[in-house]
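Quick notes on the structure that follows.
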Ligand SMILES: [Zn+2]
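Now the structure itself:
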């Protein structure tokens, strides 16, 4: 059976990754060199974008970033950390790429008024990287494509193929979106832990995301919000996680006094 051999070949290439902080096992196909692709993409963004020359903005982002990088530690082995502010006052956004490349748009610095709030959003973006959500998204896309081919080819035998795919935990069709929301929530969880271990108050997550929600109600919805969890669900989750995160902060803050 050709289709089954294809599935077996994919499984042979794949690896399992244990997500730091949550311990979840993720299924990843090593189709891209994440670190070198991330570094190349970041270099490209710096060339094409407008890097901020504002000394205070740069100092702030590097100061918070350095502490978070220390808290991340071995979760991102071999990171060559870089923190860059892009001079885009209307862009309320930030991102992180594999290899420890972090970009913050100056519009975000207006909304993230305190260093704790800035640490929350940087921790969230870095959480996507240490959890390797990008690689998982690529993997899901490939598997969904292969799954579609297999299901079409074996339409007579659809139910057994379905079972085969589900049995291997493959994402088919509609489950992709739900998976992506799960990644957002996982990045929230990881992010508040990084911020807390860097000596920033994780409770700032609740006020920060409230402000971002308000921003979203303005005329221009930040792209940032469109893929992020609904506000009520997010607040409820954050509140649920605080009893774990606050003690990390209480312990870490002593080092930074
Ligand atoms: Zn996110």
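In this note's numbering, the protein residues as written are 101 to 357. Where a beta carbon is used, it is the ideal one built from N, C-alpha and C, also for glycine. Given the structure is predicted, the values throughout are model-derived calculations rather than measurements.
Given a cut-off of 8 angstroms, decide if residue 299 and residue 355 are closer than it, judged by their beta-carbon atoms. Yes, Cβ-Cβ distance for residue 355 and residue 299 is below 8 angstroms.
Would you mind reading off the limits of the beta strand (DSSP E) that contains residue 126? For residue 126, the enclosing beta strand (DSSP E) has its first and last residue at 125-128.
Give me the Cα-Cα distance between residue 182 and residue 341, rounded to the nearest whole angstrom. Between the C-alpha atoms of residue 182 and residue 341 there is a straight-line separation of about 29 angstroms.
Take the Cβ of residue 221 as the centre, count every other Cβ of all protein chains shown within 10 Å, and call the residue buried at 16 or more, exposed below. Looking at its Cβ environment, which holds 16 or more other Cβ atoms inside 10 Å, residue 221 is buried.
With DSSP collapsed to three states, give me the class of residue 372. The requested residue 372 is not part of the displayed model; the chain covers only 101 to 357.
Assign residue 274 to one of three DSSP states: helix, strand, or coil. Legend: pLDDT at residue 274 = 34, less than 50; position of this residue unreliable, value from coordinates given subsequently. Reduced to three states, the DSSP call for residue 274 is coil.
Closest to residue 54 by C-alpha separation, out of 130, 280, 225, would be which residue? Because the chain is modelled from 101 through 357, residue 54 falls outside the range shown and cannot be assessed.
Have a look at the DSSP bridge pairing and note the partners of residue 195. Note: residue 195 is bridge-paired with 203 in the DSSP secondary-structure output.
Shortest alpha-carbon distance to residue 135 belongs to which of 178, 149, 128? Taking each of 178, 149, 128 in turn and checking the Cα distance to residue 135, the smallest one comes out for 178.
Beta-carbon gap between residue 184 and residue 203 smaller than 8 angstroms: The answer is yes: Cβ separation under 8 angstroms.
What is the residue span of the beta strand (DSSP E) that residue 185 lies within? Where residue 185 is concerned, the enclosing beta strand (DSSP E) stretches over 182-186.
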